[in-house]
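In our numbering, the protein residues as written are 7 to 717.
So the structure is just underneath, and the comments pick up after that.
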Amino acid sequence: MKDLLQILKQQNKEQDFDAIRVGLASPEKIRSWSYGEVKKPETINYRTFKPEREGLFCAKIFGPMKDFECLCGKYKRMKFRNVVCEKCGVEVTLSKVRRERMGHIELAAPVAHIWYLKSLPSRLGLLMDMTLKDIERVLYFEAFLVTDPGSTPLVHKQLLTEEMYFDALDEYGDDEFEAKMGAEAIQDVLAEMQLEKEAANLREDSLNTKSQTKLKKYNKRLKLIDSLIQSGNKPEWMVLKVLPILPPDLRPLVPLDGGRFATSDLNDLYRRVINRNNRLGRLLELDAPEIIVRNEKRMLQEAVDSLIDNGRRGRAVMGNNRRPLKSIADMIKGKQGRFRQNLLGKRVDYSGRSVIVCGPYLKLHQCGLPKKMALELFKPFIYNRLIAQGLSSTIKAAKKMVESEVPEVWDILEKVVHQHPVLLNRAPTLHRLGIQAFEPLLIEGKAIQLHPLVCGAFNADFDGDQMAVHVPLSEEAQLEARTLMLASNNVLHLASGEPIIVPSQDVILGLYYMTRDKINQKGEGMIFVNPAEALNAYESGAATLHAKVKLRIQEYERVDGKYQPTTKRVVDTTIGRAIFSRILPAGLSFDLINEAISKKVVSNLIHVCYQTQELKDTVIFADQMMYMGFQYSTKSGISFCSNDMTIPDTKAGMIEAAESQVKDVQKQYSQGVVTDGERYNKVIDIWSRTSEKVAKAMMDEIGFEDFINAD
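So, in structure tokens, the structure goes:
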């Protein structure tokens, strides 16, 4: 049994790596990755459903279809591990090697890699000091490239049309110079490049030139050449002689009901390449006319282009349903690609998601977590506690207890959740405050309760927004969540340093309502010795919230880092402001709140509090402000209805004046004084101004408050 486990461990051996890099691979490197050459475009036999030999799913190259079983069935079971069947040639091993083993295609003609050709700036163009258009003309057999001018007046890397090429042949003979077409010509030029010499020449040229444009060009080219020298890559590797083939399980062929198959688009693209490559090989063997060979080479180049990056050049290759086939680049790039979708966007264990609702009774560091969700999220901790307390003897028994939701489970859940922070995240997470830690409170229902003051940081509102919950498992993760990510530790905006836990909406409405003043209110002119006395007067009905009164307040002075009470003074204020001052931290001046409190005043209050008090005091003050705001916005009973939208008496006169002006403009148009365009603009302008006047008059009337003068 130990030997068996050791074998499985060896099979399961993982390679550790910290990063991946896209680089150039030499033909030898590609062959070293490969387990065999794919020579046929066939996939599987549709009668036996077995992979075709030397095809795209060949078991000899890529590994067995079933664990420890060769294709013909001669060798089965684990005792024949690593044996290669002499009949079918398949190695007896795990079938999962079909996710790892690569194949290759030996190309009949070199093919340029489209990533290095078409990416901006073109790496091939930059390295060869040629324009992308000229390189494309050579690659796709529209022009010849002089690779060796010999003793002729032709220039190295000069482009020749077919006519110019044949004229040069007649004039100089075919032994005097060499000019080629296609990727072969590009490969020859790249292979001849001496990178160190090129780099030295570029450095010299950049020192001698005074043109900024040329200097920029030299620096770009030098950067690329230096990168090639440092990495040890050779420039001719940008042209492929050997094409690697992905493991078959990464481009699967899946049987469907009714005998049909669903296949990855890559298989169709590989088949196109293999078919064209085989056809080109046969044409070269038959010594076919040059024009036919050239056309086949161009088609092979286009087939490889489509395989690597379909649609990058020319029209995309379409499938049966008139949809572009998904190439290797399409599988990697973008939101649905391998990196963003499958690696960064993995599903996370111990996480949940639900709609958020307002939790007005929560503290800043708390969130309301539904009981059912918490039970699922904290399962491992609950199992551990159940076994530790002797309520169950095995994990299986603990699972049954949790599934049946016995009363003991809820008691343990309470203990497990206590002071165990959870992370709340709202997509899109645009800045650090988009994910914060909270201490969960178990609640009924299915929605997550969120503290209203953290809505600004999350850019959340309660109109159906959803948030994700994550549980930090290790002690280190919990410690980080508590110290770095707890909502009560993140009260300032990272970009501006302004408070981010500023109340808004109903809280501001309540605070404004309680701190505004009115004249001739019940209790006006009363004098109070402290805020508690003012609160008693309000609660007993002796004075209203907005009554103007006199209040004796305590002044504070900072001594040895602590605020000590000093003198007292009398101020003119209102009952509401006196009540509000009860939550004001010691050391904050009463003058800061002795006005009708708006959002700006609240923001300033929190900012001053953060600078002069401790973080804990600021958080408590913000929470108490929120509770008080909700309380008094409820008491105010403020609402809007159609009767509040009073129509100003001046509206009719304004509309009449506007209509008169419009008639004048129409008259001017009929007399030919203004054009149709001018008439249109003038009419729009008249009605826009009238609309603004009516709106202003309406707002003035709504804002006007009737009161009887005290005098």
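We put the beta carbon where it would ideally sit given N, CA and C, even for glycine.
Using CA atoms only, rank isn't needed, just tell me which of the options is closest to residue i.
{"i": "A602", "options": "I334, K82 and L517", "result": "L517"}
{"i": "Y95", "options": "E58, Y356 and A114", "result": "For clarity, residue 95 is Gly in the given sequence; the question names Tyr instead. For the residues E58, Y356 and A114, the minimum Cα distance to G95 belongs to E58."}
{"i": "D691", "options": "V671, K702 and H110", "result": "V671"}
{"i": "Y616", "options": "T572, Y81, T580 and N496", "result": "N496"}
{"i": "K247", "options": "L160, P295 and A118", "result": "A118"}
{"i": "I334", "options": "S312, M660 and V354", "result": "S312"}
{"i": "G462", "options": "N687, G440, E481 and K673", "result": "G440"}
{"i": "S639", "options": "Y675, E684, T521 and E561", "result": "T521"}
{"i": "L500", "options": "A466, A549 and H437", "result": "H437"}
{"i": "Y122", "options": "V90, W243, L590 and D24", "result": "W243"}
{"i": "R359", "options": "S237, K641, G470 and M136", "result": "G470"}
{"i": "K223", "options": "G131, Q236, C364 and S38", "result": "G131"}
{"i": "M705", "options": "Q677, Q674, K673 and I653", "result": "I653"}
{"i": "K524", "options": "E482, H552 and N51", "result": "H552"}
{"i": "T49", "options": "P261, F387 and A149", "result": "P261"}
What residues in its chain sit with their C-beta under 6 Å from that of residue i, if we drop five residues either side in the sequence?
{"i": "Y178", "result": "T158"}
{"i": "R558", "result": "V535, K574 and V576"}
{"i": "A592", "result": "Y562 and Y569"}
In whole angstroms, what separates the C-alpha of residue i from that of residue j?
{"i": "E291", "j": "E60", "result": "21 Å"}
{"i": "R588", "j": "R575", "result": "16 Å"}
{"i": "E409", "j": "I314", "result": "50 Å"}
{"i": "A191", "j": "L145", "result": "8 Å"}
{"i": "E504", "j": "F468", "result": "24 Å"}
{"i": "Q395", "j": "F596", "result": "54 Å"}
{"i": "K702", "j": "D655", "result": "13 Å"}
{"i": "T167", "j": "K303", "result": "18 Å"}
{"i": "Q17", "j": "R344", "result": "Because Q17 sits at a pLDDT of 48, beneath the cut-off of 50, its placement in the model cannot be relied upon, and the point is left open."}
{"i": "K405", "j": "F63", "result": "43 Å"}
{"i": "K669", "j": "E684", "result": "14 Å"}
{"i": "R277", "j": "L77", "result": "23 Å"}
{"i": "M532", "j": "L456", "result": "41 Å"}
{"i": "A65", "j": "V323", "result": "29 Å"}
{"i": "V428", "j": "S357", "result": "9 Å"}
{"i": "V279", "j": "K124", "result": "20 Å"}
{"i": "D263", "j": "V98", "result": "30 Å"}
{"i": "L479", "j": "K385", "result": "11 Å"}
{"i": "S648", "j": "I708", "result": "12 Å"}
{"i": "E92", "j": "G79", "result": "12 Å"}
{"i": "S217", "j": "N207", "result": "16 Å"}
{"i": "V700", "j": "M660", "result": "7 Å"}
{"i": "I454", "j": "K605", "result": "27 Å"}
{"i": "L140", "j": "M170", "result": "It is worth fixing the name first, because residue 140 is Asp in this sequence and not Leu. Roughly 16 Å separates the two Cα atoms."}
{"i": "D717", "j": "Q637", "result": "Its pLDDT being 39, under 50, D717 is placed unreliably by the model, and nothing is read from it."}
Does DSSP put residue i in a helix, a strand or coil?
{"i": "S357", "result": "strand"}
{"i": "S157", "result": "coil"}
{"i": "V323", "result": "coil"}
{"i": "A463", "result": "helix"}
{"i": "F710", "result": "coil"}
{"i": "N239", "result": "coil"}
{"i": "A443", "result": "strand"}
{"i": "C64", "result": "coil"}
{"i": "A720", "result": "In the structure displayed, the chain extends from 7 to 717; residue 720 sits before or after that span and is not available."}
{"i": "N431", "result": "strand"}
{"i": "E210", "result": "helix"}
{"i": "C91", "result": "coil"}
{"i": "R522", "result": "coil"}
{"i": "L11", "result": "Because the pLDDT of L11 is 49, which lies under 50, any placement of that residue in the model is unreliable, and the question is left without a value."}
{"i": "D578", "result": "strand"}
{"i": "K72", "result": "strand"}
By Cβ distance below 7 Å, which residues in the same chain neighbour residue i in space, the five residues on each side in sequence not counted?
{"i": "D336", "result": "N316"}
{"i": "K102", "result": "none"}
{"i": "Q425", "result": "E445"}
{"i": "H371", "result": "F444, E445, L492, A493 and S494"}
{"i": "H6", "result": "Nothing about residue 6 can be read from this structure; the chain reaches only from 7 to 717."}
Using 7 Å as the limit for Cβ to Cβ distance, is residue i near chain B?
{"i": "S642", "result": "No chain B is present in this structure, which holds just one protein chain."}
Check your understanding: On the three-pair Cβ rule with 8 Å, is the stretch 339-355 touching the stretch 323-330?
Key -> no
Check your understanding: Does the pairing of the stretch 145-162 with the stretch 188-203 give three or more beta-carbon distances under 8 Å?
Key -> yes
Review point. Would you call the stretch 440-457 and the stretch 366-378 in contact, with 3 or more CB pairs under 8 Å?
Key: yes
Check your understanding: Should the stretch 220-234 be called in touch with the stretch 172-189, which here means at least 3 C-beta pairs below 8 Å?
Key -> no
Check your understanding: If we count Cβ pairs, one from each stretch, closer than 8 Å, do we get three or more for the stretch 535-550 versus the stretch 506-514?
Key -> no
Check your understanding: Is the stretch 691-706 close to the stretch 647-666, with three or more CB pairs under 8 Å?
Key -> yes
Exercise for review: Please confirm if the stretch 104-115 is in contact with the stretch 245-264, defined as three or more CB-CB distances below 8 Å between the two stretches.
Suggested key: yes
Check your understanding: Taking one C-beta from the stretch 607-615 and one from the stretch 558-567 each time, how about it: are there three or more such pairs within less than 8 Å?
Key -> no
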